[in-house]
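J.: Read in our numbering, the sequence shown has 126 at position 27, and its numbers run on one by one without any break.
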Amino acid sequence: MIDTSTSQSPVLQVAGLAKSFGGIQAVLDVSFSAREGQTTGLIGPNGAGKSTVLEVVSGFLKPDHGVIRFAGQEIQSWPAFRISRLGLMRTFQLSKEWPTLTVMENMLAAAVDAGRDKIWRALLTPGKLRTAELADRVKARELLASFGLFDLRDDPAGSLSGGQKRLLEFARVAIANPRMVLLDEPLAGVNPVMAERVLGSIRIFSERGIGVLLVEHNMAVIESLCSSVIVMAAGRKIAEGTMEQLRSNPEVTDAYLGKVVPDA
Ligand code: ADP
Ligand code: MG
């Protein structure tokens, strides 16, 4: 595969990130970058600080130190809602769909959220509101088809299985036109058959040019999706590279891979 993106600077650049909780240094001096249209893995043992990195990068927690640049802006002091409007979006381990609304209505609600300015402009010229609504509907149908939920579009979202809810969450994030999404263990609690579909859906983001920062403990999943992988242990970044490079890095195999590869 020819990598055409290396000439552009990475959309996300994190430098010297630190975050502690009371006496616990959850993240210390972590620097990395991630590109649009690629899936970057973030791995490490439990308690390594992976989720804290995602929470700080998405603005849900403020860092103690460090600079976070996204799409040319310094965002480390921005509130989460403003960061998501800039196109850096987090999904949660628990899906937050509206259970009584249909799958399609959930998509349209997410589109309205994302295009608030567009909607207000359109309200001043009612003809345009209908056009905006139609455009959202077309996009929603296209995304539901991509994520394999089209046949369920008229079902209440509350009736979906756990795995289907995760797919809907992805589709709702995608309709908001992010540049990068942060996924924290998206396969957790999903049955093995559905996990295949969720995995395929993570690929849809990169196919659409969206960057993904993926925390996942299943190494086979990381290997199949990620061009570059960051390894954390005890709050620090200990290595970075392709899975092939990491496998021959003794620090990584000691800290982590050595423990999980045998039973993977
Ligand atoms: P990971 O996602 O890699 O398992 P976390 O980022 O969740 O690791 O946690 C890193 C460390 O920070 C752990 O020691 C954890 O107990 C601690 N920690 C995480 N969140 C909090 C919090 N809100 N309050 C106190 N300690 C926390
Ligand atoms: Mg975690």
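Glycine is no exception: its CB is placed at the ideal position from the N, C-alpha and C atoms.
Just to confirm my understanding: we take Ala147, look at its own chain, exclude 5 residues before and 5 after, and list those with CB closer than 6 Å. What are they?
T.: Here residue 147 corresponds to residue number 48 of the sequence shown, with the count starting at 1. Met331, Ala332.
J.: Evaluate Ala273 with the Cβ neighbour count: other Cβ atoms within 10 Å of its Cβ, from every protein chain shown; 16 or more gives buried, anything less gives exposed.
T.: As a position in the sequence shown, residue 273 is number 174, starting the count at 1. Buried is the call here.
J.: List in chain order: all unbroken alpha helix (DSSP H) runs of 4+ residues lying wholly within the region 197–278.
T.: With a minimum length of 4 residues, the continuous alpha helix (DSSP H) runs that stay inside the region 197–278 are 202–213, 215–223, 225–245, 261–274.
J.: Should Gly140 be listed as close to the ligand ADP, given that the test is whether its C-beta is under 7 Å from any heavy atom?
T.: Within the sequence shown, residue 140 is the residue found at index 41, counting from 1. The answer is no for Gly140.
J.: Under DSSP, the beta strand (DSSP E) around Val126 begins and ends at which residues?
T.: Position 27 of the sequence shown, counted from the first residue, corresponds to residue 126. Note, Val126: beta strand (DSSP E), 123–133.
J.: Counting along the chain, where does the alpha helix (DSSP H) carrying Ala99 start and finish?
T.: For the chain, the structure presents residues 100 to 363; residue 99 sits outside this window and is missing.
J.: Could you name the residues, in chain order, whose CB is less than 6 Å away from a heavy atom belonging to the ligand ADP?
T.: My final list is Phe120, Ile123, Ala125, Gly143, Asn145, Gly146, Ala147, Gly148, Lys149, Ser150, Thr151.
J.: Do the CB positions of Gly140 and Glu315 come within less than 8 Å of each other?
T.: The residue labelled residue 140 in the question sits at position 41 within the sequence shown. The residue labelled residue 315 in the question sits at position 216 within the sequence shown. In contact: Gly140 and Glu315 (Cβ atoms closer than 8 Å).
J.: Distance check for Leu111 and Ser132, CA to CA, integer angstroms please.
T.: The sequence position of residue 132 within the sequence shown is 33, counting from 1. The sequence position of residue 111 within the sequence shown is 12, counting from 1. Between Ser132 and Leu111, the C-alpha separation is close to 5 Å.
J.: Express the C-alpha separation of Val126 and Asp254 in angstroms, rounding to a whole number.
T.: On the sequence shown, residue 254 is found 155 positions in, with the first residue counted as 1. On the sequence shown, residue 126 is found 27 positions in, with the first residue counted as 1. The alpha-carbon atoms of Asp254 and Val126 are separated by roughly 42 Å.
J.: Note the first and the last residue of the continuous beta strand (DSSP E) segment covering Ala114.
T.: For the purposes of this step, residue 114 is taken as residue 15 along the sequence shown, with counting starting at 1. First-last of the beta strand (DSSP E) with Ala114: 111–120.
J.: Please name the residue, chosen from Ile123, Ser260, Glu339, that lies closest to Val289 on a Cα-to-Cα basis.
T.: Here residue 289 refers to the residue found at position 190 of the sequence shown. Ranking Ile123, Ser260, Glu339 by Cα distance to Val289 puts Ser260 first.
J.: Is any non-hydrogen atom of the ligand MG found closer than 7 Å to the C-beta of Val314, if you look at the structure I gave you?
T.: For this step, residue 314 is matched to residue 215 along the sequence shown. Val314: yes, Cβ under 7 Å from the ligand MG.
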